[in-house]
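A.B. asks: I have a structure here, written as structure tokens, and I will follow up with some questions on it.
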Amino acid sequence: MPELFIAGRWCAAADGGRRTIACPATGEEVGVVDEASEADTVAAIGAAYDAFADGTGTWASTPLAARAALLGRVADLLARDKAEIARVEALDSGKRLVEAEFDVDDVISGFRHYASVGASAATDRAVDAGRAGISSRIVKEPIGVCSLITPWNYPLLQASWKVAPCLLAGNSFVLKPSELTPHSTIALIRLLDEAGLPAGVANLVLGTGPGCGGPLSSDARVALVSFTGSLAVGRHLMAQAAPTVKRVALELGGKNPNIVFADADRAAALDNALTAVFLHSGQVCSAGARLLVEASIAEDFVDDLVERARDIRPGLPFDPDAQTGSLTSATHLAKVEAYVARGLREGARLRCGGARPDDPRLADGAFYLPTVFDRCHSGMDIVQEESFGPVLTVETFATEDEAVALANDTIYGLAGAVWTGDDARADRVAARLRLGTVWINDYHPYVAPAEWGGYKQSGIGRELGELGLEEYQETKHIWRNTAPAPSGWFA
Ligand code: NAD
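Here the sequence shown stands for residues 394 to 884, where the numbers follow my numbering.
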């Protein structure tokens, strides 16, 4: 069965393009999928545009409660197919099966969240116009055709954060997952179809940005580009979208500070410092890749952290003893290796890792050992640039002011944490951090009702929460004069 989905039909690429998907943990082939060209993307945009029909299409006109009910059915179908979806996600990305299973659970929660919001969401708001005889109200409407572009680290999860609110709002979309990890997204589109979404509302193209992505940000029929990925591509899409003044929603990278004060719960801070950066081999936009630790405890804290990091066991996706998987591609592994080489040149001290594992079972995979650099400072590239791999840089600070200044000394502003036993200090620091998410004495949790997104160059807009739905809505003011009369202006 072909893998592009356009106007409610599964179809092959117009020019016959195909791509082999390999598991990055083993190098073995996972499957061969259709690879779109720009002609397919233009056709998909046309299908979405026709289905939306200026807001008169079947889906846009479907009552909100019925749209929400469809999202609930999708959640049920995802739960039914969880094992198979997690399996393909693990194979495409090289992550452990158990992590892929967590991801699918999160996807299901996201759909259930928007299903429950939708059932009760008020779309109209009355406004007091301050004059007799006027009824004034604000109406939320779907924005139109949405381009949804997703990365390879959490392929289905990132897609779900876009697809669920996009559909709830009544839009049509063209979705393009990363060319490296398409299988879970293909499965989602099948489930949307099975759940009864009208033809043309959901469209899927597979392929690279340069190969098929161009029209997603340049076609005049697209109203919104929602993108999760790298800063460089985000900047490019923003420029591409400018001539037709599209709304642009960007979830970009991060260089996230994890601040540990001397009065923190040591065991919790230490353990979470590992998870913060080494979860999913560091391929997490909110990874706590910069440890800022108070100088008075730094030496022992970092010694213990390095010892724990050395014990983390990389392994194959279905190995129950593995504690972390591979990187998602050999190309990405080469980038991480180059980044570590740069750290050495810059004079950071390598405390552990800095190499591929020597386990012969992992020799064909894109594995990299958890790596810690200390003696770092914010003038170094490795402290400023995202590695998106299992690499931690350690800086020290002496005062609260210094900790905040170091934490904010980056172009990014996605997420970060502060660890302290002093509640007042936690509140002060949280208020001063220029970040979209601040964890106090925790790292990484998120919930669907809370907005997610970045300050500064970590992005524009928010996913999840109320704003995550508003991203996909237009706002219309309707003014009704119940006692029309001449204005008298030119009398
Ligand atoms: P990437 O920017 O290389 O690619 C992301 C997506 O954009 C892919 O689907 C890719 O094919 C597509 N793309 C690339 N060029 C394009 C173009 N010209 N037109 C249209 N589409 C194009 O990112 P990646 O390497 O897949 O993902 C890693 C990056 O994503 C990291 O920087 C990470 O921080 C970021 N990320 C951010 C969040 C967040 O919530 N802020 C979440 C996950 C990942």
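For glycine and all other residues, C-beta sits at the position ideal for the given N, C-alpha and C.
(1) Measuring alpha carbon to alpha carbon, tell me which residue in Ser719, Thr813, Ala557 is nearest Ala660.
(2) May I ask you to report which of helix, strand or coil DSSP gives Thr419?
(3) Taking just the CA atoms, how far does Thr637 sit from Ala514?
(4) Mark Trp845 as exposed unless 16 or more other C-beta atoms lie within 10 angstroms of its C-beta, in which case mark it buried.
(5) At what residues does the beta strand (DSSP E) containing Lys869 begin and finish?
(6) Is it true that the CB of Ala453 sits closer than 8 Å to the CB of Pro535?
(7) Where does Phe566 fall in DSSP's three states?
(8) Residue range of the alpha helix (DSSP H) that Asn665 falls in?
(9) Taking just the CA atoms, how far does Phe654 sit from Ala459?
(10) Grouping DSSP H, G and I as helix and E and B as strand, with all else coil, what is Ala616?
(11) Would you give the residue range spanned by the beta strand (DSSP E) that Trp554 belongs to?
(12) Consider the C-beta atom of Lys569 and the heavy atoms of the ligand NAD; say whether any pair is separated by less than 7 Å.
(13) Is the beta carbon of Asp696 less than 8 Å from the beta carbon of Leu663?
(14) Cα separation between Leu550 and Ser486?
(15) Within a Cβ cutoff of 7 Å, which residues of the same chain sit near Thr516, ignoring the five residues on either side of it in sequence?
(16) Report yes if the C-beta of Thr637 is less than 7 Å from at least one heavy atom of the ligand NAD; otherwise report no.
(17) Check whether the region 665 to 675 and the region 564 to 578 touch, using three or more Cβ-Cβ pairs below 8 Å as the test.
(18) Name the two residues that bound the continuous beta strand (DSSP E) containing Gly809.
(19) Taking just the CA atoms, how far does Lys488 sit from Val423?
(20) Can you find the residues in the same chain that come closer than 6 Å, C-beta to C-beta, to Phe781, ignoring five residues on each side of it along the sequence?
(21) Could you check whether Ala824 and Pro763 sit closer than 8 Å to each other, using their CB atoms as the reference points?
(22) With respect to 7 Å, is the separation between the Cβ of His373 and the closest non-hydrogen atom of the ligand NAD below this value?
(23) State yes or no: is the C-beta of Gly861 within less than 8 Å of the C-beta of Pro558?
(24) Name the residue from Leu726, Asp704, Phe790, Asn564 whose alpha carbon lies nearest to the alpha carbon of Thr455.
(25) Comparing alpha-carbon positions, which option in Thr724, Gly604, Thr451, Pro877 lies nearest Ala407?
(26) Identify the continuous beta strand (DSSP E) that holds Lys533 and give its terminal residues.
(27) By DSSP's criteria, Cys539 is part of a beta bridge. Which residues make up the other side?
(28) Taking three-plus beta-carbon pairs below 8 Å as touching, is the region 588 to 604 in contact with the region 471 to 481?
(29) From Gly646 to Lys849, what does the alpha carbon distance come to, in whole angstroms?
(30) Have a look at Phe859 and Leu737 and give me their C-alpha separation to the nearest angstrom.
(31) Hey, would you say Val594 sits closer than 8 Å to Ser540, going by beta carbons?
(32) Thinking just about the alpha-carbon of each residue, which of Pro395, Ala418, Thr419, Ile705 is nearest to the one in Arg412?
(33) May I ask which residues mark the beginning and end of the alpha helix (DSSP H) holding Asn651?
(34) Buried or exposed, going by whether 16 or more other CB atoms sit within 10 Å of the CB of Gly708?
(35) Since Asn596 is in the beta strand (DSSP E), which residue starts that stretch and which ends it?
(36) Going by CA-CA distance only, name the one from Pro838, Phe766, Ile853 that's closest to Phe495.
C.D. replies: This is what the structure gives:
(1) Selected option, being the one with the closest Cα: Thr813.
(2) Thr419 sits in coil when the DSSP states are folded into three classes, being neither helix nor strand.
(3) 31 Å
(4) buried
(5) In this chain, the beta strand (DSSP E) harbouring Lys869 covers 866 to 874.
(6) Yes, they are a contact pair.
(7) strand
(8) Going by DSSP, Asn665 is part of the alpha helix (DSSP H) stretching over 659 to 671.
(9) Cα to Cα, Ala459 sits roughly 50 Å from Phe654.
(10) strand
(11) That residue, Trp554, is in no beta strand (DSSP E); its alpha helix (DSSP H) goes 548 to 561.
(12) yes
(13) no
(14) 13 Å
(15) Excluding residues within five positions, the ones whose Cβ falls inside 7 Å are Leu457, Val532, Lys533.
(16) no
(17) no
(18) 808 to 812
(19) 14 Å
(20) Gln676
(21) Taking C-beta atoms as the reference points, Pro763 and Ala824 fail to come closer than 8 Å.
(22) As displayed, the chain neither begins before 394 nor continues past 884, which places residue 373 out of reach and without an answer.
(23) yes
(24) When only C-alpha atoms are compared, the closest one is Asn564.
(25) Of the candidates Thr724, Gly604, Thr451, Pro877, Gly604 places its Cα closest to the Cα of Ala407.
(26) 527 to 535
(27) In the DSSP output, where bridge partners are listed per residue, Cys539 has Phe566, Leu617.
(28) no
(29) Distance between the alpha carbons of Gly646 and Lys849 is about 11 Å.
(30) For the sequence presented, residue 859 should be read as Glu rather than Phe. Looking at the two C-alpha atoms, the distance is approximately 44 Å.
(31) no
(32) Pro395
(33) Asn651: not part of any alpha helix (DSSP H); member of the beta strand (DSSP E) spanning 650 to 653, first to last residue.
(34) Counting every other CB atom within 10 Å of its CB across the protein chains shown gives Gly708 a total of 16 or more, marking it as buried.
(35) 595 to 597
(36) Pro838
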